[in-house]
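Written out below as structure tokens is the structure these notes cover.
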Amino acid sequence: MELSKAYEPQKVEGRIYTLWEKSGFLNPDKLPGKRKKTYTIVIPPPNITGFLHMGHALNATCQDILIRWRRMQGYKTLWLPGTDHAGIATQNVVEKELKKEGKTRFDLGREEFIKRVWQWKEKYGDIILDQLKKMGCSCDWSRTRFTMDKDYVRAVEAAFQHYYDKGWIYKGKRVVNWCPRCQTSLSDLEIEYKEEKGNLWYIKYPVVKNSKSQAPNSKQIPYSKFQISNFITVATTRPETILGDRAVAVNPKDKRYKNLVGKTAVLPLVDRKLPIIADRLVDPEFGTGAVKITPAHDLNDYQISLRHGLPMIQVIDEQGKITKEAPLPYQGMRVFEARQKIVEDLKKLGLLEKTEEYLHQIPKCYRCGTTLELIPSEQWFLKMGELAKTAIEMVKSEKVRFQPKRWEKVYFDWLKNIQDWCISRQIWWGHKIPLKGVDDVLDTWFSSALWPFATLGWPKQTKDLKAFYPTDVLSTARDIINLWVTRMIFSGMEFMKKPPFKNVYIHATVLTKEGKRMSKSLGTGLDPLILCDKYGADATRFGIAWQIMGGQDIKFVEDNIVMGRKFCNKVWNATRFVLLQISNSKLQIPNKFQFTNSKLTVADKRILKALDKTIKAVNKDLEGFRFGQASRRLYGFFWHDFCDIYVEKSKIQSSKSKTEKENTQKILLYVLLNSLKLLHPFIPFVTEEIYQQLPIKNKKKCLMVEEWPK
RNA sequence: GGGCACUUAGCUCAGUGGCAGAGCGCUGCACUCACAUUGCAGAGGUCGCUGGUUCAAAUCCAGCAGUGCCCACCA
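Spelled out as structure tokens, the structure:
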């Protein structure tokens, strides 16, 4: 047999992936041998709008290394793939398409629009899964799931019903984050804050003259029907919301305003009476120490309003426009427009004391970037009390372990201050809330929360569910610890009475060389498939794995992929050398014991010992999710111990006896074969290709199902 | 405002108490040799700064400076 002079991944990868698919070994039920213990990973389902980015590539590499390693160790391994319908994200993409045709989703109507989304899904939804194949991922494609499959819909309905029957789902009018563009409420976790320059406006509110007192300086002012005595100044970043004001609040300990508490202020432009109240939430250090209270459009103010029994007035609607509750001149104006006019009007009345520049965090929709409004709205909520308690307990008792451990803190901090989960969304693409007369759909994460067991057939008690639940590892990004991981944990406990996984591996974030976030919109993204084309999928995987050190973020440099490519070529060529040394007739793979009684040279003993040490160390590394250490160890062993030292020494044969020469040949083949096995989880294509071409007798059908070295 | 990380060679990073390391890049030499995607040799570092603990500190402790990320109701 003949290997080309250099390894050419383009000629190999497609063919080898087909070999794996045809072998059936991606499916745990078709793996050879008796396999009692299972090892399961469910993939974090990428959005159907998604394309593979470096984060996916890294996560896919980690998961595939683990799965291939365990598969070779004799586990019944399942890596279950799938995609998420990603409510808002997908709806937005399809809406953008419609926009090109000059249409909105309302032109089509709900039913027609959803049809459109399904068409889109059928056409593009699986692209990202094909990209995972290019990376060499050994998922069981026969079990691919989608969060809106018929069976999955049943799981979502069953889960909803369960919570409903328990009385944990309720309807409530709350001030929620609202995206005027997506026309839906959003949960706290779906907000992104962006720092923007704004102003802090200081506005003078007249104070009504106490009817009993005879203050000499009281007067009637032209713009108010009330007699006023003096003014109280409040500071605000959003003057347009004054239209919805219901009170002015100060801190109860603030001496400056002691006399004013209990009196009444007048809301400029509206001429509404506002009680002046005291509440501990008011920070006397900020602004003037007096704050306007707008219960309908601010979360703090809403809290305060509950304590003081203040009613809401909604002055901003779902479109982000001023409502009819406001005075006529402002009605129908967009928020920003109204802001400018109100500031002008206040200035004219001499009620604008001053304006300061102010840098603050503006809430944005994490899907479309539109500035969010806070508006009161009827929504469905899921009570979090018991569920949160269970979730905390699972991690505290170490039934679920975070890896690295420090991410526990993010998890606990969120759960300890948790609010009830707003599970309704006013979009069209998603799971309809299974109640009569409700058009809302469920938050995407409600269905994602069921992923580890709904994909295995729940609520039916399937064979798969019994065999593969709970899973072993969840490997995911840190930014969805609370959006997703937390919710899977309490859902798993609620419906399966067991946590959905034993380990949560929070992988590194891939940054640019400059330490910035990789993002498509900023043009700082890097397409892993381009790297695969340029250097090969193995090189890309190895280069990525090389950089995964202790969960530290990775400033990505291509240099490591170059290293990966060189390494694959080295493995290829070392094989060529070994094959030249051994005879052409098919050889039996030497077993370890054959060496123990033979006459071994110092070099022989050294390489065998080094191999042994490497096997043990790599196992330990992988058990601890230390992918970088494992790849460096394998690299060092193969390139230096094996190629530079042992192979080079083997070339000097003149002084050797016949036995020694035979030993050398056996050891070359033995070490090579074991190296291929050890390297296979990291660089599966090249090692499989070589294995397929090795002229040895007792071969398995694929290296993928060879026995892991012991 | 709170939290979590990070700072070591030109670049990207290992090393967590005992002679400063890797990959990439760079310099020189070597292609009838498995591999020039190679081999051999080499240059390159006050381990962010200041103190402390120790026989011994890149490593442990304290403080400072800088960078990044996350959370948060300061209007």
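By full-length UniProt numbering, the letter at position 137 of the first sequence is numbered 137, and the numbering carries on one by one without gaps. All C-beta atoms in this analysis are idealised placements derived from N, C-alpha and C, irrespective of residue type, glycine included.
Residue from the options with nearest C-alpha to residue i
| i | options | result |
| --- | --- | --- |
| Glu-393 | Ile-304, Arg-116, Gln-10 and Pro-499 | Pro-499 |
| Leu-281 | Val-12, Asp-298 and Val-250 | Val-250 |
| Val-315 | Val-335, Gln-665, Gly-309 and Ser-305 | Val-335 |
| Gly-24 | Thr-77, Lys-5 and Val-12 | Thr-77 |
| Asp-559 | Trp-546, Val-441, Asn-199 and Asp-553 | Trp-546 |
| Lys-5 | Thr-462, Ile-304 and Thr-575 | Thr-575 |
| Phe-160 | Phe-495, Glu-111, Cys-568 and Gly-536 | Phe-495 |
| Leu-579 | Arg-606, Lys-409 and Lys-666 | Lys-666 |
| Tyr-75 | Asp-472, Trp-407 and Thr-144 | Asp-472 |
| residue 757 | Asn-674, Val-410, Ser-491 and Asp-245 | Residue 757 cannot be examined here, being either before or after the span of the chain that is shown, 1 to 710. |
| Tyr-202 | Arg-174, Tyr-193, Glu-240 and Pro-222 | Glu-240 |
| Glu-196 | Pro-363, Ile-375 and Cys-368 | Pro-363 |
Where the beta strand (DSSP E) through residue i begins and ends
| i | result |
| --- | --- |
| Val-248 | 247 to 250 |
| Trp-178 | 169 to 179 |
| Leu-274 | 272 to 278 |
| Asn-503 | 501 to 506 |
| Ser-377 | 373 to 382 |
| Pro-528 | Counting along the chain, Pro-528 falls outside any beta strand (DSSP E), though it belongs to the alpha helix (DSSP H) covering 528 to 535. |
| Trp-120 | Per DSSP, Trp-120 belongs to no beta strand (DSSP E); it is in the alpha helix (DSSP H), 110 to 124. |
| Arg-401 | 401 to 403 |
| Asp-472 | 471 to 476 |
| Lys-354 | 352 to 365 |
| Lys-76 | 76 to 80 |
Coil, strand or helix - residue i by DSSP
| i | result |
| --- | --- |
| Gln-692 | helix |
| Tyr-223 | coil |
| Gln-581 | helix |
| Arg-70 | helix |
| Pro-590 | coil |
| Thr-575 | helix |
| Glu-157 | helix |
| Ser-187 | coil |
| Gly-24 | coil |
| residue 748 | This structure does not reach residue 748, given that the chain is present from 1 up to 710, and the question cannot be answered. |
| Asp-130 | helix |
| Tyr-39 | strand |
| Pro-311 | coil |
| Ile-652 | coil |
| Phe-146 | strand |
| Ala-235 | strand |
| His-297 | coil |
| Arg-425 | strand |
| Val-261 | coil |
Environment of residue i [buried if 16+ CB atoms lie within 10 Å]
| i | result |
| --- | --- |
| residue 712 | With the chain covering 1 to 710 only, the question about residue 712 has no answer from this structure. |
| Glu-688 | buried |
| His-360 | exposed |
| Glu-706 | buried |
| Leu-306 | exposed |
| Met-135 | buried |
| Gln-629 | buried |
| Phe-286 | exposed |
| Tyr-170 | exposed |
| Pro-222 | exposed |
| Tyr-535 | buried |
Span of the alpha helix (DSSP H), counted from its first residue to its last, around residue i
| i | result |
| --- | --- |
| Ile-242 | Premise fails: Ile-242 is in no alpha helix (DSSP H) and is neither H nor E. |
| Phe-286 | Where Phe-286 is concerned, there is no enclosing alpha helix (DSSP H), given that its DSSP letter is neither H nor E. |
| Lys-416 | 408 to 416 |
| Glu-344 | 335 to 348 |
| Ser-447 | 444 to 448 |
| Tyr-670 | 658 to 679 |
| Tyr-635 | 627 to 635 |
| Pro-452 | 451 to 454 |
| Val-266 | Element bounds for Val-266: not the alpha helix (DSSP H) but the beta strand (DSSP E), 264 to 267. |
Next item on the list: Spell out a yes or no on whether the segment 118 to 136 and the segment 41 to 55 are touching, meaning 3 or more CB-CB pairs, one atom from each, closer than 8 Å.
Entry: yes
Next item on the list: Report yes or no: do the segment 379 to 397 and the segment 307 to 322 share at least 3 C-beta pairs separated by less than 8 Å?
Entry: Judged by Cβ distances under 8 Å, the segment 379 to 397 makes no contact with the segment 307 to 322, as fewer than three pairs qualify.
Check: Pairing CB atoms from the segment 6 to 26 with CB atoms from the segment 685 to 700, are three or more of them under 8 Å?
Finding: yes
Item checked: Meets three-Cβ-pair contact criterion under 8 Å: the segment 640 to 651 and the segment 598 to 611 -> Under the three-pair Cβ rule at 8 Å, the segment 640 to 651 counts as touching the segment 598 to 611.
Check: Between the segment 435 to 443 and the segment 457 to 472, do at least 3 Cβ pairs fall closer than 8 Å?
Finding: no
Margin query: Three or more C-beta pairs under 8 Å: does that hold for the segment 80 to 96 against the segment 534 to 541?
Written below: Segments in contact, no.
Margin query: Tell me whether the segment 611 to 618 and the segment 662 to 681 touch, counting them as touching only if at least three CB pairs, one residue from each stretch, are closer than 8 Å.
Written below: yes
Notebook entry, point to check: At a cut of 8 Å, does the segment 445 to 456 reach the segment 147 to 162 through at least three beta carbon pairs?
Noted result: yes
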